[in-house]
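A.B. asks: Taken in order, these protein sequences are the chains called A and R. The numbering used here puts the first sequence at residues 1 to 327. The numbering used here puts the second sequence at residues 1001 to 1330. Even glycine gets a Cβ: it sits at the ideal position worked out from N, Cα and C.
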Amino acid sequence: MTTYTTTYRNALRDAMSEEIRRDEKVYLMGEEVAEYNGAYKCSQGMWEEFGDKRVIDTPITEYGFTGLAVGSAMKGLRPIVEFMSWDFSMQACDHIINSAAKTKYMSGGVVDCPIVFRGQNAASGRVAAQHSQDFAGWYANIPGLKVIAPANAHDAKGLLKAAIRDDAPVIFLEHEKLYGMENEMPTDLDFTVEIGKAATVKEGTDVSIIAYSYSVETAKEVAKNLEKDGISAEVIDLRTISPLDETAILDSVKKTSRAVFIQEAWAYASVGDSVASLIQSKAFDHLDAPVEVFSGERTPMPYAANLEELALPQVDKIVEKIKTMVK
Amino acid sequence: MNAQNIEQFKSEYSTEQLIEVYRQMLRFRRMSEKTAQMYQQGLIGGFCHLYTGQEAVLAGTFAECEKGDDHITSYRCHAHALACGVDEKEVLAELTGRATGISKGKGGSMHMFAPDKGYWGGHGIVGAQVPLGTGMAFYHKYMGNQNICVTSYGDGAANQGQIFEAMNMASLWGLPVLYVVENNVYGMGTAAKRVCAGELHQRGAAFGIEGEKVDGQDFFTVAEAVKRARKYILENKRPYIIEMDTYRYRGHSMSDPAKYRSKEEVQAVKENRDPLIRIYDCLVDERGVKESELKEIDNIVKANLKESVDFAVNSPLPDAAELMTDIMPK
Ligand SMILES: Cc1ncc(C[n+]2csc(CCOP(=O)(O)OP(=O)(O)O)c2C)c(N)n1
Ligand SMILES: [Mg+2]
Chain A
1 MTTYTTTYRN ALRDAMSEEI RRDEKVYLMG EEVAEYNGAY KCSQGMWEEF
51 GDKRVIDTPI TEYGFTGLAV GSAMKGLRPI VEFMSWDFSM QACDHIINSA
101 AKTKYMSGGV VDCPIVFRGQ NAASGRVAAQ HSQDFAGWYA NIPGLKVIAP
151 ANAHDAKGLL KAAIRDDAPV IFLEHEKLYG MENEMPTDLD FTVEIGKAAT
201 VKEGTDVSII AYSYSVETAK EVAKNLEKDG ISAEVIDLRT ISPLDETAIL
251 DSVKKTSRAV FIQEAWAYAS VGDSVASLIQ SKAFDHLDAP VEVFSGERTP
301 MPYAANLEEL ALPQVDKIVE KIKTMVK
Chain R
1001 MNAQNIEQFK SEYSTEQLIE VYRQMLRFRR MSEKTAQMYQ QGLIGGFCHL
1051 YTGQEAVLAG TFAECEKGDD HITSYRCHAH ALACGVDEKE VLAELTGRAT
1101 GISKGKGGSM HMFAPDKGYW GGHGIVGAQV PLGTGMAFYH KYMGNQNICV
1151 TSYGDGAANQ GQIFEAMNMA SLWGLPVLYV VENNVYGMGT AAKRVCAGEL
1201 HQRGAAFGIE GEKVDGQDFF TVAEAVKRAR KYILENKRPY IIEMDTYRYR
1251 GHSMSDPAKY RSKEEVQAVK ENRDPLIRIY DCLVDERGVK ESELKEIDNI
1301 VKANLKESVD FAVNSPLPDA AELMTDIMPK
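This is the structure we're talking about:
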């Protein structure tokens, strides 16, 4: 198997370009995606290669262009819609939820909507309350949507290709702090990562740390710190948030007897709380401690550097808590 | 765009074709009336939006559309389903929440679809069908098809911001979409004039989209306008707006006693501007069709309808296992 190494950002670009070359129905649409190469440069060079038909700059009208893309998907095209930031999807979530997610069911199964909504999600750093929210739980709540949040460049490419090939509407959550991360991945044009499968990033025996997206980096750092105290942590990267890989989570917890979840999102009604509830109802007898969920503080994201740091899950606090759980 | 001489346009329709138009409009009317009854009997639940009074809009539009064109509308969608060629039985079975319904009983009154017939619903969020329909026109352009998407919405929906967003893109990208504003004078209970500034057919002007307002109660006027509009859209690669001046006889949905308008107002439209009476009079007075022949058509429409109702009410409810199917593609 031949491989190459590239960044998360370019992996996304490669995934989209390969799929646009492969399938004439695939196109990319969004603000600044064409001539400007994307607000985060995730579509670098694509407009040059594919032109106006396949890589389309939209006006700044999230509600309108999302509805338009959904309509074209119902007819059989396979749009990739970029939200410059997932915060802006609030203007479009009517079409994501009421049109894209529900129409298959409402039509008794005859209308499909093969579409990918992708873009930067959660806290990229110092952009304050209206550009920092983690929407994983919001969209994971909706039947009819798949929700993916890759934590490395390899998965970003494999999962985005899988999402584009999937016939369901897919929410694809990227993270700005990961855009520069480099990883090795296959060059094979049919390389995909299966949707709905978590990955064990690091094996361990004392505690399972479960996370998605950038929080996997936090989890890895926590695990490294715990090693110094002789605590062996297993790190599970959900990769897909909906459908959830329950088996991977439960198998790990049954082995370690302790579970911790890390997320940037607010705790109340979140993915972390749902996973904690799952573990407590399906692996209760295996637990040696209550499941702990570390989340963003329940406040709009502050701008000041010190406050922002305090608002997000902190490695030290998590390490301290786990030490008390394992004792 | 200049309207063609309406008398000349009329002469392009054979008497047989007009009888068929009459039959279609009668089917819309009789089914609407029947569903009102069924609603009162408790056979139909939830919301139920009737189409009585607006029949010429649909009949005229469909008379001048071609195979391959797409149609999308709001929740006031039962007659649209028939117009697209969906079996009346499947519509009534859906309304009664049966397994044999067009959406297997999962969509209901507001959500019916038949993609193979160019029928795309059936949408319950006011205005949402407009960007969707614009996206269907985007598909036709993308594929290089000579087809349009007829995107219908109401006077109330016309104030939705997403419509302006869609029109901007439709104009910018030259999408083959015909916007049909069914101005039936009211939203739910709010008169259009109390919430709409300016003229609805001119709402695309800022984007360079032309439009016109026509008498939506007259089959020929509607058909002539749609014929011209369709040709214009495909030849010029431009969207177009037709505002249909129409009227709904019944309340907004079945629970609406319609206290915001007078009985006289409704009666005046029924007497002077009824779309069925107009086509009926044309057939009898101008084409020499016997009234007994038209009566016979009505009898057949009613007999078929009765059969469809029987089919619906005797169909089984959806299987409990259907609850969790059709959520995700396989
Ligand atoms: C976004 C949204 N807001 C409000 C409603 C409730 N509602 C349903 S129909 C309607 C009136 C719409 O009137 P109009 O567009 O004129 O269509 P008509 O019913 O007259 O055909 C309203 C307010 C809704 N379904 N969706
Ligand atoms: Mg109205």
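1) Closer than 5 Å is what we want: which residues have a beta carbon that near any heavy atom of ligand 1? List them in chain order.
2) Give me the Cα-Cα distance between residue 1109(R) and residue 1258(R), rounded to the nearest whole angstrom.
3) Measure from the C-beta of residue 1306(R) to each C-beta in chain A and report whether the shortest distance is under 8 Å.
4) Pull out every residue of the region 1100-1113 of chain R whose Cβ sits closer than 9 Å to any Cβ of chain A, in chain order.
5) Can you name, in chain order, every residue of its own chain whose Cβ lies under 7 Å from the Cβ of residue 1127(R), other than the five neighbours on each side?
6) Spell out the partners DSSP gives residue 296(A) in its beta bridges.
7) Check the DSSP bridge columns for residue 329(A) and list the partner residues they point to.
8) With 16 as the cutoff for other CB atoms within 10 Å, does residue 106(A) come out buried or exposed?
9) If you follow the alpha helix (DSSP H) that residue 1131(R) is in, where does it begin and where does it stop?
10) Rounded to whole angstroms, what's the CA-CA distance from residue 1063(R) to residue 1057(R)? Just pull it up for me.
11) Using a Cβ cut-off of 8 Å (strictly closer), state whether residue 1325(R) contacts chain A.
12) Pull up the CB-CB distance for residue 315(A) and residue 1135(R), whole angstroms please, since I reckon it's below 8 Å.
13) Is any beta-carbon of chain A found at less than 8 Å from that of residue 1138(R)?
14) Going by alpha carbons, who is nearest to residue 298(A) out of 305(A), 289(A) and 310(A)?
15) In the region 1034-1098 of chain R, which residue ranges form an unbroken beta strand (DSSP E) of at least 3 residues, counting only runs that do not cross its ends?
16) From the beta carbon of residue 1299(R), is the nearest beta carbon of chain A less than 8 Å away?
17) Sorted by chain position, which residues of the same chain lie with C-beta nearer than 7 Å to residue 119(A)'s C-beta, five sequence neighbours on each side aside?
18) If we define contact as Cβ-Cβ less than 8 Å, is residue 1054(R) a contact residue for chain A?
19) Per DSSP, which residues does residue 1178(R) bridge with? Please list them.
20) When the Cα of residue 1047(R) is compared with those of 1166(R), 1215(R), 1020(R) and 1255(R), which residue comes out closest?
21) Under a Cβ-count criterion, where at least 16 other Cβ atoms within 10 Å of its own Cβ denotes burial, should residue 1129(R) be classed as buried or exposed?
22) From which residue to which residue does the alpha helix (DSSP H) around residue 16(A) run?
23) Looking only at its own chain, which residues have a Cβ that is under 7 Å from the Cβ of residue 319(A), when we skip the five neighbours before and after it?
24) So, residue 1184(R) versus residue 1248(R), is the Cβ gap smaller than 8 Å?
25) Mind checking if residue 1142(R) is an interface residue toward chain A, Cβ cutoff 8 Å exclusive?
26) Would residue 68(A) pass as an interface residue toward chain R - the criterion being a Cβ-Cβ separation below 8 Å?
27) Could you check what DSSP says for residue 1325(R) in three-state terms: helix, strand or coil?
28) Candidates 142(A), 326(A) and 199(A): which alpha carbon is nearest residue 102(A)'s?
29) Keeping to the same chain, check which residues put their C-beta closer than 7 Å to that of residue 1168(R); ignore five residues upstream and five downstream.
30) Just mark residue 1267(R) as buried or exposed, buried being the case when its beta carbon has 16 or more other beta carbons within 10 Å.
31) Using 10 angstroms around the beta-carbon of residue 1119(R), count the other beta-carbons present and answer buried if the total reaches 16, otherwise exposed.
32) What does residue 1125(R) touch in chain A if you count any residue whose Cβ is under 9 Å from its own?
33) Evaluate residue 100(A) with the Cβ neighbour count: other Cβ atoms within 10 Å of its Cβ, from every protein chain shown; 16 or more gives buried, anything less gives exposed.
34) What are the boundary residues of the beta strand (DSSP E) that residue 120(A) is part of?
35) Take the Cβ of residue 1275(R) as the centre, count every other Cβ of all protein chains shown within 10 Å, and call the residue buried at 16 or more, exposed below.
C.D. replies: Here's the rundown:
1) 1076(R), 1125(R), 1126(R), 1154(R), 1155(R), 1156(R), 1157(R), 1184(R), 1187(R) and 1188(R)
2) Position 109 of the second sequence, counting from 1, holds the residue named residue 1109(R). Position 258 of the second sequence, counting from 1, holds the residue named residue 1258(R). If I take the Cα positions, the gap works out to 20 Å.
3) By one-based count along the second sequence, residue 1306(R) stands at place 306. Taking Cβ atoms only, chain A never reaches closer than 8 Å to residue 1306(R), which makes this a no.
4) 1101, 1102, 1103, 1104, 1105, 1106, 1107, 1108, 1110, 1111, 1112 and 1113
5) Numbered from 1 along the second sequence, position 127 holds the residue referred to as residue 1127(R). Here the set comprises 1153, 1157, 1160, 1162 and 1163.
6) By 1-based counting over the first sequence, the position of residue 296(A) is 296. Its beta-bridge partners are 266(A).
7) The requested residue 329(A) is not part of the displayed model; chain A covers only 1 to 327.
8) For the purposes of this step, residue 106(A) is taken as the residue at position 106 of the first sequence. Classification of residue 106(A): buried, given that the 10 Å Cβ count is 16 or more.
9) One-based indexing of the second sequence puts residue 1131(R) at position 131. Here the alpha helix (DSSP H) through residue 1131(R) covers 1129-1143.
10) Here residue 1063(R) refers to the residue found at position 63 of the second sequence. Here residue 1057(R) refers to the residue found at position 57 of the second sequence. Whole-angstrom Cα-Cα distance: 10 Å.
11) One-based indexing of the second sequence puts residue 1325(R) at position 325. By this cut-off, residue 1325(R) is an interface position.
12) In the first sequence, residue 315(A) corresponds to position 315, counting from 1. In the second sequence, residue 1135(R) corresponds to position 135, counting from 1. About 45 Å; that fails the 8 Å criterion.
13) Along the second sequence, one-based indexing puts residue 1138(R) at 138. Answer yes: the Cβ-Cβ gap between residue 1138(R) and chain A drops below 8 Å somewhere.
14) Counted from its first residue, the first sequence places residue 298(A) at position 298. Per the Cα distances, 310(A).
15) 1070-1074
16) On the second sequence, residue 1299(R) is found 299 positions in, with the first residue counted as 1. Chain A, which has no Cβ nearer than 8 Å to the Cβ of residue 1299(R), makes this no.
17) Within the first sequence, the letter at position 119 stands for residue 119(A). The answer, listed in chain order, is 82, 83, 84, 85, 86 and 174.
18) The residue given as residue 1054(R) occupies position 54 in the second sequence. Cβ-Cβ to chain A under 8 Å: no for residue 1054(R).
19) For the purposes of this step, residue 1178(R) is taken as the residue at position 178 of the second sequence. Paired residues: 1150(R) and 1240(R).
20) Position 47 of the second sequence, counting from 1, holds the residue named residue 1047(R). The shortest C-alpha separation from residue 1047(R) is found at 1255(R).
21) Translated into positions along the second sequence, residue 1129(R) becomes position 129. Label assigned to residue 1129(R): buried.
22) Residue numbering aside, residue 16(A) sits at position 16 when the first sequence is read from its first letter. Its alpha helix (DSSP H) spans residues 8-22.
23) If you number the first sequence from 1, residue 319(A) lands on position 319. Same-chain partners within the cutoff: 222, 225 and 226.
24) Translated into the one-based positions of the second sequence, residue 1184(R) becomes position 184. Translated into the one-based positions of the second sequence, residue 1248(R) becomes position 248. Yes.
25) Position 142 of the second sequence, counting from 1, holds the residue named residue 1142(R). Yes, its Cβ sits closer than 8 Å to a Cβ of chain A.
26) Within the first sequence, numbered from 1, the residue matching residue 68(A) stands at position 68. Yes, residue 68(A) counts as interfacial toward chain R.
27) Translated into the one-based positions of the second sequence, residue 1325(R) becomes position 325. The answer is coil: DSSP assigns residue 1325(R) none of H, G, I, E or B.
28) Locating residue 102(A) in the first sequence gives position 102, where the first residue counts as 1. Nearest option by C-alpha distance: 142(A).
29) Along the second sequence, one-based indexing puts residue 1168(R) at 168. 1207.
30) Walking along the second sequence from the start, residue 1267(R) turns up at place 267. Answer is exposed; the Cβ neighbour count stays below 16.
31) Walking along the second sequence from the start, residue 1119(R) turns up at place 119. With 16 or more Cβ atoms within 10 Å of its Cβ, residue 1119(R) is classed as buried.
32) The residue given as residue 1125(R) occupies position 125 in the second sequence. The contacting residues are 94, 95, 98 and 99.
33) Within the first sequence, the letter at position 100 stands for residue 100(A). Residue 100(A) comes out buried.
34) Within the first sequence, the letter at position 120 stands for residue 120(A). 116-120 is the span of the beta strand (DSSP E), which, as asked, contains residue 120(A).
35) In the second sequence, residue 1275(R) corresponds to position 275, counting from 1. So residue 1275(R) ends up on the buried side.
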